[in-house]
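Written out below as structure tokens is the structure these notes cover.
There are 2 protein chains.
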Amino acid sequence: MTYADLYKNELLQEVIPFWEHYSIDTKYGGFFSCIDNQNKVFDTDKFMWLQCRQIWMFATLYDELEQNKKWLSIAEGGAEFILKYGHDGVFNWYFSLTQNGSPLIAPYNIFSYTFACLSLAKMYKITNEERYKKACLKTLEHIHQREENPKGKWNKSVEGTRPLKNFALPMILCNLYNEMGSLLPEQTKKEKATSCVNEIFDQFWDSERGIILENVTLEGQFSDTFEGRLFNPGHGLEAIWFI
Amino acid sequence: MTYADLYKNELLQEVIPFWEHYSIDTKYGGFFSCIDNQNKVFDTDKFMWLQCRQIWMFATLYDELEQNKKWLSIAEGGAEFILKYGHDGVFNWYFSLTQNGSPLIAPYNIFSYTFACLSLAKMYKITNEERYKKACLKTLEHIHQREENPKGKWNKSVEGTRPLKNFALPMILCNLYNEMGSLLPEQTKKEKATSCVNEIFDQFWDSERGIILENVTLEGQFSDTFEGRLFNPGHGLEAIWFI
């Protein structure tokens with residue numbers, strides 16, 4: 026058996042069936058993501074990161090692997106839920122919700138926005154529905170507005186003392202531009218994604234140590250601080266996948 | 026050798042000398058708290074929790090064990106540093122500072138206030154200096170103002186969805202009232218500390234499970250959520266020490 030077959034079997038016979046069987050909330054919509062090793066839901070809170078990634082996953086399976094109605098229906102169920110409950114009415118995306126969709130944690134986290142944007146772009150691609158396009162582009166606008174200070178009023182760093190920039194946002198934006206499909210001009214997507222890749226290699230890649238740093242100075246230099254010394258090999262691998 | 030002697034020897038011959046020798050920042054004042062097992066300072070950031078606890082510790086050794094001038098001088102050096110750099114000018118206490126005292130992390134954390142209050146009360150007790158009294162009482166005022174919503178604008182919970190109350194604040198307040206010495210009337214201290222103890226036993230103590238919960242509903246009931254299921258045995262032991 027080739028590795029490709031091995032992975033494909035594992036995905037389609039183990040991983041996807043697990044999520045199809047145990048993660049769908051048939052009562053309130055959306056997905057459960059806290060499931061124990063007896064397949065039992067041990068917590069019903071709904072995190073936007075995970076709702077959105079699951080929508081993206083089933084939409085992508087439908088788009089790229091097989092036009093399976095069940096996958097479409099799972100993706101649509103999730104998209105319905107996040108459009109109804111996941112944001113404050115003008116596409117500021119909460120961090121988490123209760124099972125029935127009441128907002129639990131404020132829209133402080135820009136990655137709730139980026140994952141919403143990714144899932145909506147893919148939903149637009151497979152359905153061509155205007156509401157996904159509108160929500161996706163409005164969310165992208167918020168992301169751009171928040172790029173300089175992603176945490177906004179929730180930012181606890183005192184401005185100016187130790188300005189650092191973080192690797193996670195250019196990394197995800199690189200992914201995002203590549204996933205926007207027809208929602209952005211080819212030229213824009215190419216320029217933006219290239220700029221993210223350059224930022225990663227010019228600024229966050231520490232060639233001396235051979236690692237990708239999570240936080241660097243505004244000049245892209247190593248900062249000998251808690252934040253500056255942080256590195257996360259798995260995060261680096263994730264970036265390579267996007268690049 | 027009795028346990029009392031064993032602990033006293035360990036404290037006075039090992040623990041305290043370590044902090045006397047390696048933690049004092051003779052250049053900028055205050056204390057280092059990131060010291061590796063070669064006794065080398067590996068990070069110079071100064072966290073208010075730890076600055077204040079060290080001031081309290083040396084002030085308490087001076088107050089209760091021996092009027093050792095060195096201990097007084099260490100406590101005073103720390104108090105000098107926090108009064109100069111630890112707050113925003115009106116006793117809102119930062120979470121952390123750089124080595125030279127520039128504010129790094131905003132005054133979001135109420136425990137920076139409670140530990141400042143504890144150290145200042147003890148400094149007032151051993152020196153009788155008005156500036157400690159003033160700073161301590163102003164800080165206590167801030168703590169009371171923030172009791173209902175300790176994180177203020179940094180609070181990420183959406184109001185009303187899942188109101189819970191947290192064990193840590195009544196626990197520390199119980200300690201605080203007992204440490205205020207002549208700065209509060211005896212009657213006030215007794216009433217406040219008793220009310221904290223009652224809150225802990227009536228609300229956070231889960232008699233069915235035999236544990237102290239970290240978060241309970243406003244009615245003092247178990248909440249079957251991530252926050253509600255959290256318990257921390259060490260935190261419970263810490264509370265018993267205060268009580």
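Going down the list, the protein sequences come from chains A and B.
FYI, the numbering for the first sequence is 26 to 268, going by this note's numbering.
FYI, the numbering for the second sequence is 26 to 268, going by this note's numbering.
Glycine included, each C-beta is placed from N, C-alpha and C at the ideal position.
- Against chain A, the CB of tyrosine 157 of chain B has no partner CB under 8 Å away; the residue lies outside that interface.
- Lysine 71 of chain A is a Cβ neighbour of serine 121 of chain A, given a cutoff of 8 Å.
- At a Cβ-Cβ threshold of 8 Å, phenylalanine 247 of chain A and aspartate 231 of chain A count as neighbours.
- In the DSSP assignment, the residues bridged to lysine 71 of chain A are A:Leu122.
- Taking a Cβ-Cβ cut-off of 7 Å, the neighbours of proline 128 of chain B in chain A comprise Val183 and Thr186, given in sequence order.
- In terms of beta-carbon proximity, tryptophan 179 of chain B lines the interface with chain A, with at least one pair separated by less than 8 Å.
- Residue pairing by DSSP puts histidine 112 of chain B in a beta bridge opposite B:Trp118.
- DSSP places isoleucine 268 of chain A outside both helix and strand once states are collapsed to three, so it counts as coil.
- For tyrosine 110 of chain A, the closest Cβ of chain B is not nearer than 8 Å.
- Serine 48 of chain B is not a Cβ neighbour of glutamine 92 of chain B, given a cutoff of 8 Å.
- When DSSP states are grouped into helix, strand and coil, valine 183 of chain B belongs to the coil group.
- Out of A:Thr250, A:Trp266, A:Glu244 and A:Ala146, the CA that lies nearest to the CA of leucine 209 of chain A is found in A:Ala146.
- Rounded to whole angstroms, the separation of the alpha carbons of asparagine 180 of chain A and methionine 148 of chain B is 33 Å.
- Per DSSP, the beta bridge partners of aspartate 231 of chain B are B:Ile236.
- For the stretch 118–148 of chain B, residues whose beta-carbon sits nearer than 8 Å to a beta-carbon of chain A comprise Tyr119, Phe120, Thr123, Ser127, Pro128, Leu129, Ile130, Ala131 and Tyr133.
- Asparagine 200 of chain B is positioned such that its CB atom lies closer than 8 Å to that of phenylalanine 267 of chain B.
- By the Cβ test, the stretch 30–44 of chain B is not in contact with the stretch 251–267 of chain A, since fewer than three Cβ pairs between them sit closer than 8 Å.
- Per DSSP, proline 175 of chain B lies in no alpha helix (DSSP H) segment and is marked neither H nor E.
- Taking a Cβ-Cβ cut-off of 9 Å, the neighbours of phenylalanine 251 of chain B in chain A comprise Cys59, Asp68 and Asp70, given in sequence order.
- The criterion of a C-beta distance shorter than 8 Å is satisfied by tyrosine 138 of chain A and threonine 164 of chain A.
- Per DSSP, the beta bridge partners of leucine 189 of chain B are B:Thr242.
- DSSP places isoleucine 151 of chain A in no beta strand (DSSP E) but in the uninterrupted alpha helix (DSSP H) bounded by 135–152.
- With respect to the C-alpha of glutamine 124 of chain B, the residue from A:Leu262, A:Asn62, A:Ile265 and A:Thr250 having the closest C-alpha is A:Thr250.
- With a threshold of 16 other beta carbon atoms within 10 Å, phenylalanine 67 of chain A falls short and is exposed.
- Rounded to the nearest angstrom, the Cβ distance from isoleucine 41 of chain A to cysteine 77 of chain A is 17 Å, too far for a contact under 8 Å.
- The beta carbon of isoleucine 237 of chain A is closer than 6 Å to those of Phe229, Trp230 and Gly261 in its chain, skipping five residues each way along the sequence.
- If the five residues before and after threonine 69 of chain B are omitted, its C-beta is found closer than 8 Å to the C-beta atoms of Asp50, Phe57, Cys59, Thr123 and Gln124, all from its own chain and listed in chain order.
- Our two residues, lysine 217 of chain A and proline 195 of chain A, have alpha carbons roughly 10 Å apart in a direct line.
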